[in-house]
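Enquirer: For the record, the sequence lines run as chains X and F.
Oh and the first sequence: position 99 is 99 in the working numbering, straight run, nothing missing.
When you read off a place in the second sequence, starting at 1, and then add 1000, the result is the number in the working numbering.
We put the CB at the ideal spot given by N, CA and C, even for glycine.
From a predicted model like this one, the values you see are computed outputs, not experimental measurements.
2 protein chains.
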Amino acid sequence: MIRESALRAAVDLIARQGFAATSMSQVAEAAGISPSGLAHHFPSKKALLGAVLEHRDAIDSDPSPAPGTVPWCAFDHLVEVAGLNMQRRQIVQLYTTMIGEAVSPDHPAHAWMLGHYDAVHTNLAAGVRADQANGHIRTDAPAEQIAREVVAIMDGLQVQWLLDESVDMKAILHMRVEQLKTVWGTTPRG
Amino acid sequence: MIRESALRAAVDLIARQGFAATSMSQVAEAAGISPSGLAHHFPSKKALLGAVLEHRDAIDSDPSPAPGTVPWCAFDHLVEVAGLNMQRRQIVQLYTTMIGEAVSPDHPAHAWMLGHYDAVHTNLAAGVRADQANGHIRTDAPAEQIAREVVAIMDGLQVQWLLDESVDMKAILHMRVEQLKTVWGTTPRG
DNA sequence: GTCTATATCTCGATAGAC
DNA sequence: GTCTATCGAGATATAGAC
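#1: Going by DSSP, which residues form a beta bridge with F/G1100?
#2: Buried or exposed: which applies to F/K1046, given that a residue is buried once 16 or more other Cβ atoms fall within 10 Å of its Cβ?
#3: Quick check on this structure: which residue in F/G1037, F/L1124, F/W1112 has the alpha carbon closest to the alpha carbon of F/P1065?
#4: By the three-class DSSP mapping on this structure, what secondary structure does X/G50 have?
#5: Considering Cα atoms alone, identify which of X/V167, X/E149, X/P35 is closest to X/V128.
#6: Going by C-alpha to C-alpha distance, which of X/T186, X/P105, X/V92, X/E178 sits closest to X/D164?
#7: Is the beta carbon of X/W72 sitting closer than 8 angstroms to the one on X/V177?
#8: Taking the beta carbon of F/L1084 as the centre, do at least 16 other beta carbons fall within 10 Å, making it buried, or is it exposed?
#9: Take X/S23 and list the residues in its own chain whose beta-carbon comes closer than 8 angstroms to its own, dropping the five residues that flank it on each side.
#10: Return the residue from the list F/H1116, F/K1170, F/T1187 that minimises the CA-CA distance to F/H1136.
#11: Name the residues in the region 85–99 of chain X whose C-beta lies less than 7 angstroms from a C-beta of chain F; which are they?
#12: At what residues does the alpha helix (DSSP H) containing X/F75 begin and finish?
#13: Rounded to whole angstroms, what's the CA-CA distance from F/Y1095 to X/G37? Just pull it up for me.
#14: Return the first residue and the last residue of the alpha helix (DSSP H) that F/D1012 is part of.
#15: Measure how close the beta-carbons of X/A31 and F/Q1160 come, nearest whole angstrom, since I'm counting them as under 8 angstroms.
#16: Please confirm whether F/R1148 has its beta-carbon closer than 8 angstroms to some beta-carbon of chain X.
#17: Under 8 angstroms between C-beta atoms, does X/T1 make it to chain F?
#18: Taking only beta-carbon atoms, is F/M1175 less than 8 angstroms away from chain X?
#19: Check the Cβ of X/V183 against every Cβ in chain F and list those closer than 7 angstroms, keeping chain order.
#20: Look at the alpha carbon of F/S1104 and the alpha carbon of F/E1144, and state the distance between them as a whole number of angstroms.
#21: In chain F, which residues lie with their C-beta within 8 angstroms of the C-beta of X/D155?
#22: Mapping the DSSP letters down to three states, classify X/G32 as helix, strand or coil.
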């Protein structure tokens, strides 16, 4: 499918250069078609960006376990995602580049960014509160702050890993999650 | 000075839109001069970016205390910087936007970004090792990982704070640093 | 030191042939 | 569904008047 090869080209170029610095002509050339041929599938640059973000969300589809069953499961899951990310540089680079650009309220991906953070942050904070209700986490644990801190580690490590792939994102995040368990958990741990 | 008002305009625009999305004409208009007048002071867009990064580094000038005197002093200092940053949105926004763009090896600010991370990371890791030598930090503490994690928190929180200024960067970072002291410190703590 | 003027290029988007 | 052709706008950069 031509549409899909164009989408692949767009993901690659936007990941490496950012959205603002990537032109429709570049994408068309990388996909092996003319700019007008590309315009038939994606009538505007924003439409192309929308498809790219959709593609990213599909890959990152977070089948996060239901909270409340296993303590800290949302955090353990994030550690696994960090490990997966170390084998898919393109997606990490696309994400990091996108976040940097979309901080601006006028950016076409700003709404996407707000939704992304709301979803991730809400998921982690809810996980803490569910475990607090089940007695697995101390009730004086600051759910909001813990969620924000772990999301920050996840995002910040991706930047460092893009600059130096020897950075072990999974190990560092794992270390932090295990410390959270000992500091705020109620279950005795060795 | 016209050069300085142009620089202020460039900082403002690049912070809000990013470097790639900002044009020389925009900067000239915001500074109240013609594009050619701007070109006299900054002969190229890269030259303008260089001055902007220099300006940022000057403000962020990290008079980090000498390591080895007070335990965890480099980390306590970072907590203070997080507090200061909550009162200078423009600099935080410029930094975050710049990081996102400069991940690409071809970006004109890529070398600046590598130097920045090397400096910050080296500073924190050296602080840990100095405290280990003085007996304030357990010798089995992973200095590299701790440094990377704290830098990640600092960077990641700035993104979240830009989206929602009610996020207390200083409090969250402070919480983490205090936990590091209890987990890895040798000095007894209440 | 700041301007006008211009050169050269590329952008995103559209119209219409096939 | 892909192409050629073209639009108008805006980019960086340079040359030269004042």
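Expert: According to the structure shown:
#1: BP columns for F/G1100 are empty, so no partner.
#2: exposed
#3: F/L1124
#4: helix
#5: X/E149
#6: X/V92
#7: yes
#8: exposed
#9: none
#10: F/T1187
#11: Q93, T96, T97, I99
#12: 73–85
#13: 38 angstroms
#14: 1002–1017
#15: The Cβ separation is near 35 angstroms, so there is no contact.
#16: yes
#17: Per the sequence presented here, residue 1 of chain X reads as Met, with Thr not at that position. Not closer than 8 angstroms to any Cβ of chain F, the Cβ of X/M1 fails to qualify, so no.
#18: yes
#19: Q1179
#20: 24 angstroms
#21: A1152, D1155, G1156, V1159
#22: coil
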